[in-house]
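Undergrad: Got a structure here, written out as structure tokens. Questions coming.
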Ligand code: MG
Ligand code: MG
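Numbering (the numbering used here), first residue to last: 48 to 297.
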């Protein structure tokens with residue numbers, strides 16, 4: 048399904064949905080510490096969202112078993128919460144989706160449990176977030192998909208990070224994944240045009256090594272081929288006449 052220009056009512060619902068999502072991620076962030084299990088984090092996400100009045104999107108989506116994806120270290124995305132206990136220095140991706148009044152938002156952060164093991168891990172997170180912000184920075188009415196990918200790629204490429212190509216950003220709103228795809232690489236002035244009123248998810252995934260990934264035996268978890276660590280940040284944004292409104296922040 049092609050992403051549509053959303054109505055003012057739909058946009059308002061996405062603002063509420065996005066605020067709930069951001070609230071849940073901000074609640075989880077300080078809990079990402081050595082000793083906690085990823086299932087405990089997922090249960091907290093579920094209860095927090097319930098108290099806010101939103102509903103989770105991921106549970107049951109193509110059979111995904113939980114409300115949130117939690118991906119640790121070389122797991123890039125789509126990790127399934129489990130009784131795995133976090134260890135000092137783990138890089139933990141929290142990817143969450145919320146539906147409210149039929150409208151969906153999608154956002155992710157990466158957090159280090161306790162102290163980073165290496166300065167390069169902390170930098171990986173900082174730069175991946177910067178890359179997301181650079182992508183958001185070029186968004187406005189009339190932007191092309193390649194412009195966004197180019198902006199993201201410039202930041203990640205400068206550090207020689209692996210840029211995951213098998214997974215991409217996307218339109219979002221009525222469905223979790225709407226067309227077009229929004230890759231984290233690209234050429235300026237190429238690709239589909241986007242217009243004000245559309246809502247998209249921009250989500251760079253970067254690694255300290257390869258851009259090659261594979262899917263684990265659980266059929267979900269996406270891992271780096273070389274075991275290198277990875278980071279993921281994502282916001283859902285509304286395209287406006289002269290910029291972007293980030294919907295998944297407080
Ligand atoms: Mg997501
Ligand atoms: Mg997404």
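Just so it is clear, CB atoms sit at the ideal spot from N, CA and C, and this is done for glycine as well.
For residue 288 versus residue 130, is the C-beta distance shorter than 8 Å?
TA: The count along the chain shown starts at 1 and reaches residue 288 at position 241. The count along the chain shown starts at 1 and reaches residue 130 at position 83. Cβ atoms of residue 288 and residue 130: not closer than 8 Å.
Undergrad: May I ask you to verify whether the segment 228–236 touches the segment 245–252, counting CB pairs closer than 8 Å and requiring at least 3?
TA: yes
Undergrad: Cα-Cα, which of 83, 63 and 118 is closest to residue 276?
TA: Working through the chain shown from its first residue, we reach residue 276 at position 229. The candidate whose alpha carbon is nearest that of residue 276 is 118.
Undergrad: Quick one: what's got a C-beta closer than 7 Å to residue 124's C-beta in the same chain, skipping five residues either side?
TA: As a position in the chain shown, residue 124 is number 77, starting the count at 1. The answer, listed in chain order, is 116, 118, 140, 142, 214, 252, 269 and 279.
Undergrad: If you reduce the DSSP assignment to three classes, tell me which class residue 83 lands in.
TA: As a working mapping, residue 83 is identified with position 36 in the chain shown. Looking at residue 83 - three-state DSSP - the assignment turns out to be coil, as it is neither helix nor strand.
Undergrad: If you measure between the beta carbons of residue 80 and residue 160, is that distance less than 8 Å?
TA: On the chain shown, residue 80 is found 33 positions in, with the first residue counted as 1. On the chain shown, residue 160 is found 113 positions in, with the first residue counted as 1. It is a contact, given that the beta carbons lie within the stated cut-off.
Undergrad: Quick test of your reading: residue 71 and residue 96, contact by CB under 8 Å. State the CB separation rounded to the nearest angstrom.
TA: Locating residue 71 in the chain shown gives position 24, counting from the first residue. Locating residue 96 in the chain shown gives position 49, counting from the first residue. Right, the Cβ-Cβ distance comes to about 5 Å (below 8 Å), so this counts as a contact.
Undergrad: With a threshold of 6 Å on Cβ separation, who are the neighbours of residue 133 within its own chain once the five nearest residues in sequence on each side are excluded?
TA: Locating residue 133 in the chain shown gives position 86, counting from the first residue. Excluding residues within five positions, the ones whose Cβ falls inside 6 Å are 81, 83 and 160.
Undergrad: Per DSSP, what kind of secondary structure is residue 193 in: helix, strand or coil?
TA: Position 146 of the chain shown holds residue 193. It is helical.
Undergrad: Is the Cβ-Cβ distance between residue 245 and residue 218 less than 8 Å?
TA: Counted from its first residue, the chain shown places residue 245 at position 198. Counted from its first residue, the chain shown places residue 218 at position 171. Taking 8 Å as the Cβ cut-off, residue 245 and residue 218 qualify as a contacting pair.
Undergrad: How far does the beta strand (DSSP E) with residue 152 in it extend, from its first residue to its last?
TA: As a working mapping, residue 152 is identified with position 105 in the chain shown. Segment 150–159, the beta strand (DSSP E) holding residue 152.
Undergrad: Would you decide whether residue 258 is buried or exposed? Buried here means 16 or more other CB atoms lie within 10 Å of its CB.
TA: Within the chain shown, residue 258 is the residue found at index 211, counting from 1. Flag for residue 258 reads buried.
Undergrad: Among all the DSSP beta bridges, which residues are the ones paired with residue 143?
TA: Counting from 1 along the chain shown, the entry for residue 143 is found at position 96. Paired residue(s): 115 and 154.
Undergrad: For the segment 53–63 against the segment 144–154, do three or more pairs of beta-carbon atoms, one drawn from each stretch, fall closer than 8 Å, so that the two count as touching?
TA: yes
Undergrad: Excluding the 5 residues flanking residue 102 on each side, which residues of the same chain have their C-beta closer than 6 Å to its C-beta?
TA: As a working mapping, residue 102 is identified with position 55 in the chain shown. These residues qualify, in order along the chain: 146.
Undergrad: Would you identify the three-state DSSP class for residue 78, choosing helix, strand or coil?
TA: Position 31 of the chain shown, counting from 1, holds the residue named residue 78. Helix.
Undergrad: For ligand 2, I want to know if residue 213 counts as a neighbour, meaning its beta carbon is within less than 7 Å of at least one of the ligand's heavy atoms.
TA: If you number the chain shown from 1, residue 213 lands on position 166. Checking the Cβ of residue 213 against ligand 2 gives no.
Undergrad: Alpha carbon to alpha carbon, how far is residue 243 from residue 164? Give it in angstroms, no decimals.
TA: Here residue 164 refers to the residue found at position 117 of the chain shown. Here residue 243 refers to the residue found at position 196 of the chain shown. The alpha-carbon atoms of residue 164 and residue 243 are separated by roughly 42 Å.
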